[in-house]
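K.L.:
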Amino acid sequence: MTFVSCGKSDNNTPFDPGWGNGADDSPVEKVSIVTYNIRHCSAYIIGDTDGPIDVSGISRSLKSLQADVVFLQEVDKNTTRSGKDLDEAAKIAELAGFPYYHFYKAQDYQGGEYGLAILSRFNLTGIEQYDLPRVEVEGTYVGYSILAKAVVSINGKRIVLATTHLATTAENRVEQMPVINEKLSSIKDLVILGGDFNATPSNSTINTLDSYGFVRSGKDKNYYTIPSNAPNREIDYICFKPGDKVQIIEHKVFGEMTISDHLPVRVTFKMI
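Residue numbers for the sequence shown follow my numbering, so the first one is 2 and each next one is one higher.
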């Protein structure tokens, strides 16, 4: 199933995010992308128990990173657990200073919606989302995964943004990866793909990602991203295709930001 929106993002109010809103003609020398599984803004408590909802804390963390684009996973919209009047993507965009955002629903949840979001200081166009395969696994809850896509223009260059949150089960990921490749492989522009892949670098899921020609920004070292209080594995990634269109300047995991069970990853790059 494909959802297409021909309009702009949910929010087109050009409030000032504090480091430029992308509305002027000044050339952009560097671009920073963040991916962050925010655990529906529930404060992380060891033992996998939901803590209080802390949208302000997540927003402050994101604002401090001064990213140009943010990929969010595990986002609630008007759910019972997070607040029937709380649209997390909208509120985070407002508080963190992003003039453009779009929420992508993966599934209905607790009277509201649950999914992904893209926040941006550049106007978002070409909004699309694609359902990824879902295979039932006996004895295991399998959520609904999607690929979310948008387009921005930076220095006159069209860039395709894509984010996902893959299933925890290998049976599902092996079906989901080819669909992601199918939806992105024919694009000639620079593609930036990021999110929670629920797989470590040595896992077959990431080997498959590499085989599709995506270049991971932190491939040369261990950049553990979960659990935030004592990270011991990497499952959150940002990658580019084709890799020769970017020069990666920095790949950083912010270990002091422990609001979610995941740590945010920021990659700064220059377009070649």
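Cβ atoms here follow ideal geometry from the backbone N, Cα and C, with glycine treated the same way.
At what residues does the beta strand (DSSP E) containing Asp197 begin and finish?
P.N.:
191–197
K.L.:
Where does Ser10 fall in DSSP's three states?
P.N.:
For Ser10, the pLDDT reaches just 47, beneath the cut-off of 50, and the residue's location in the model is therefore unreliable, although a value from the coordinates is still provided. Coil at Ser10, not helix or strand.
K.L.:
Quick check on Ile155: does DSSP put it in helix, strand or coil?
P.N.:
strand
K.L.:
Is the Cβ-Cβ distance between Asp197 and His166 less than 9 Å?
P.N.:
yes
K.L.:
For Asn173, which of Gly112, Lys158, Thr206 has the nearest alpha-carbon?
P.N.:
Thr206
K.L.:
Are Thr81 and Gly112 closer than 9 Å when you measure CB to CB?
P.N.:
yes
K.L.:
For Asp245, collect the residues of the same chain with a Cβ closer than 8 Å to its Cβ; drop the 5 residues on either side in sequence, then sort them by chain order.
P.N.:
Ile273
K.L.:
Measure the C-alpha to C-alpha separation of Asn208 and Ile128 and round it to an integer number of angstroms.
P.N.:
28 Å
K.L.:
Relative to the C-alpha of Ala163, which candidate in Asn230, Gly219, Phe104 has its C-alpha closest?
P.N.:
Phe104
K.L.:
Measuring straight from C-alpha to C-alpha, what distance separates Gly144 and Met178?
P.N.:
Answer to the nearest angstrom: the Cα atoms are 16 Å apart.
K.L.:
Kindly give me the distance between the Cβ atoms of Ile119 and Val70, rounded to whole angstroms, as I take these residues to be in contact under 8 Å.
P.N.:
Their Cβ separation, rounded to whole angstroms, is 7 Å, which keeps Ile119 and Val70 in contact under 8 Å.
K.L.:
Quick one: give me the first and last residue of the alpha helix (DSSP H) that Arg61 is part of.
P.N.:
For Arg61, the enclosing alpha helix (DSSP H) has its first and last residue at 56–66.
K.L.:
Since Thr201 and Asn230 are thought to touch, with beta carbons under 8 Å apart, how far apart are those beta carbons, to the nearest angstrom?
P.N.:
No, Thr201 and Asn230 are not in contact; Cβ-Cβ is about 18 Å, not under 8 Å.
K.L.:
Pull up the distance between the alpha-carbon of Val254 and that of Leu96, whole angstroms please.
P.N.:
Cα to Cα, Val254 sits roughly 22 Å from Leu96.
K.L.:
Could you check what DSSP says for Ile39 in three-state terms: helix, strand or coil?
P.N.:
coil
K.L.:
So for Ser218, helix, strand or coil by DSSP?
P.N.:
coil
K.L.:
Quick check: is the beta carbon of Glu129 nearer than 9 Å to any beta carbon in chain C?
P.N.:
Protein chain content of the structure displayed is limited to a single chain, and chain C is not contained in it.
K.L.:
Could you give the distance in angstroms between the alpha-carbon of Val153 and the alpha-carbon of Ile46?
P.N.:
36 Å
K.L.:
Please state the DSSP three-state secondary structure of Glu257.
P.N.:
coil
K.L.:
Taking the Cβ atom as the reference point for each residue, do Asn199 and Ile236 lie within a distance shorter than 9 Å?
P.N.:
yes
K.L.:
Would Tyr142 and Asn124 be called neighbours here (beta carbons separated by less than 9 Å)?
P.N.:
no
K.L.:
Run through the DSSP bridge pairs and tell me what Ala118 is partnered with.
P.N.:
For Ala118, the beta-bridge partners assigned by DSSP are Leu73, Phe104.
K.L.:
Using CA atoms only, rank isn't needed, just tell me which of Ser187, Val138, Phe270, Gly157 is closest to Gly219.
P.N.:
Phe270
K.L.:
What does the alpha-carbon distance come out to for the pair Phe215 and Arg122?
P.N.:
24 Å
K.L.:
Give the single residue among Glu137, Asp211, Ile239, Arg234 whose Cα lies nearest to the Cα of Gly256.
P.N.:
Arg234
K.L.:
Do Tyr37 and His263 have their C-beta atoms within less than 9 Å of each other?
P.N.:
yes
K.L.:
With the cut-off set at 9 Å, would you say Ile147 and Ala107 are in Cβ contact?
P.N.:
yes
K.L.:
Along the chain, where does the beta strand (DSSP E) containing Ile239 start, and where does it finish?
P.N.:
237–242
K.L.:
Give the secondary structure of Ile273 by DSSP, where H, G and I count as helix, E and B as strand, and everything else as coil.
P.N.:
coil
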